[in-house]
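In the UniProt record's numbering, the protein residues as written are 1 to 300.
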């Protein structure tokens, strides 16, 4: 009897020409391109569905995105057979030979994907996922980077797709001071677009800014998870502090009200990149997934 094998994908993409990660009818999306590629390579009538660690919005980039996909063992075996000689043990479901052959075929998928996918999305690694792995629910944290240039002459043209140009000079010290009250577990409703049935409680573990030698300001944001538009709204609130239009206390005051504030402008998508997703040790993957699925409330 055929069985599915779960594959972990580590990938990156330039989000400029995509309508976000999530598959949408009539629109070009990262998920759509990847699922079509897997369907073609594995020769499946129905393309397999991918689950992703973080569903990025239109125009947002990723350098360290993670996804998983469940594919039939027989289809994966066929890919290995077409690459070279037929792998041994692929028909022995659950055996060590089967697992080893699946791992070998998974690695071989990388080159096949590179030949099928468009150049603005790349799969860097494919591996057989450990028991209990779920790309979305097993994740411990996601780290994003937002890049801003406030140089009078604008952004280096070669970096225009990943760096926001801000026309007014920014005070990084003031912006860092404004982040202090935002750290920790809070209801981030003031910085999120609400979704029916979804909580806006998140644990923000890191939010800091650093101006590099090239003058580019990197905003690093790390949390256990993010709600819709949260990172860009946080950045938007810091930009108005950095240019002196709001005091350093203002973002914290907005957070405390837990209501969407018209003064918070969501920063443009193209400055944002998903840099890294972190997972626990293999023995903790299933437990982490169960923990993440719970509906969170704030303890007071």
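Where a beta carbon is used, it is the ideal one built from N, C-alpha and C, also for glycine.
Euclidean distance between Cα positions of residue i and residue j
{"i": "residue 361", "j": "residue 159", "result": "The chain is shown from 1 up to 300; residue 361 falls before or after that span and cannot be answered."}
{"i": "residue 186", "j": "residue 201", "result": "6 Å"}
{"i": "residue 169", "j": "residue 149", "result": "9 Å"}
{"i": "residue 306", "j": "residue 56", "result": "Shown here, the chain extends from 1 to 300; a query on residue 306 therefore has no answer."}
{"i": "residue 173", "j": "residue 286", "result": "41 Å"}
{"i": "residue 194", "j": "residue 252", "result": "19 Å"}
{"i": "residue 26", "j": "residue 246", "result": "41 Å"}
{"i": "residue 24", "j": "residue 32", "result": "8 Å"}
{"i": "residue 264", "j": "residue 237", "result": "5 Å"}
{"i": "residue 49", "j": "residue 196", "result": "23 Å"}
{"i": "residue 45", "j": "residue 243", "result": "55 Å"}
{"i": "residue 157", "j": "residue 78", "result": "45 Å"}
{"i": "residue 119", "j": "residue 15", "result": "11 Å"}
{"i": "residue 273", "j": "residue 146", "result": "6 Å"}
{"i": "residue 269", "j": "residue 22", "result": "15 Å"}
{"i": "residue 284", "j": "residue 224", "result": "16 Å"}
{"i": "residue 36", "j": "residue 214", "result": "39 Å"}
{"i": "residue 47", "j": "residue 288", "result": "28 Å"}
{"i": "residue 51", "j": "residue 101", "result": "23 Å"}
{"i": "residue 103", "j": "residue 261", "result": "49 Å"}
{"i": "residue 91", "j": "residue 290", "result": "For residue 91, the pLDDT reaches just 42, beneath the cut-off of 50, and the residue's location in the model is therefore unreliable, although a value from the coordinates is still provided. Straight-line Cα distance between these residues: approximately 32 Å."}
{"i": "residue 179", "j": "residue 257", "result": "16 Å"}
{"i": "residue 154", "j": "residue 212", "result": "16 Å"}
{"i": "residue 42", "j": "residue 177", "result": "52 Å"}
{"i": "residue 7", "j": "residue 40", "result": "16 Å"}
Beta-carbon spacing of residue i, residue j below 9 Å
{"i": "residue 139", "j": "residue 198", "result": "no"}
{"i": "residue 271", "j": "residue 131", "result": "no"}
{"i": "residue 126", "j": "residue 117", "result": "no"}
{"i": "residue 241", "j": "residue 250", "result": "yes"}
{"i": "residue 219", "j": "residue 235", "result": "yes"}
{"i": "residue 184", "j": "residue 164", "result": "no"}
{"i": "residue 137", "j": "residue 293", "result": "yes"}
{"i": "residue 276", "j": "residue 28", "result": "no"}
{"i": "residue 38", "j": "residue 30", "result": "no"}
{"i": "residue 123", "j": "residue 72", "result": "no"}
{"i": "residue 135", "j": "residue 190", "result": "no"}
{"i": "residue 279", "j": "residue 226", "result": "no"}
{"i": "residue 255", "j": "residue 182", "result": "yes"}
Nearest-angstrom beta carbon gap, residue j and residue i [assumed within contact, 8 Å]
{"i": "residue 166", "j": "residue 192", "result": "Not quite, the Cβ-Cβ distance comes to about 23 Å (not below 8 Å), so this is no contact."}
{"i": "residue 9", "j": "residue 66", "result": "7 Å"}
{"i": "residue 58", "j": "residue 20", "result": "4 Å"}
{"i": "residue 151", "j": "residue 128", "result": "46 Å between Cβ atoms; not a contact."}
{"i": "residue 175", "j": "residue 209", "result": "5 Å"}
{"i": "residue 61", "j": "residue 133", "result": "About 24 Å; that fails the 8 Å criterion."}
{"i": "residue 267", "j": "residue 239", "result": "7 Å"}
{"i": "residue 301", "j": "residue 121", "result": "Nothing in the structure corresponds to residue 301, since the chain is present only between 1 and 300."}
DSSP bridge partner residues for residue i (one or two, in chain order)
{"i": "residue 9", "result": "67 and 126"}
{"i": "residue 255", "result": "Partner(s): none; residue 255 has no beta bridge."}
{"i": "residue 201", "result": "187"}
{"i": "residue 220", "result": "145 and 208"}
{"i": "residue 276", "result": "143"}
{"i": "residue 51", "result": "68"}
{"i": "residue 62", "result": "13 and 274"}
{"i": "residue 121", "result": "13"}
{"i": "residue 165", "result": "149"}
{"i": "residue 4", "result": "72"}
Closest Cα partner of residue i within the set the options
{"i": "residue 13", "options": "38, 34, 105 and 278", "result": "34"}
{"i": "residue 3", "options": "290, 70, 233 and 120", "result": "70"}
{"i": "residue 142", "options": "231, 44, 123 and 211", "result": "231"}
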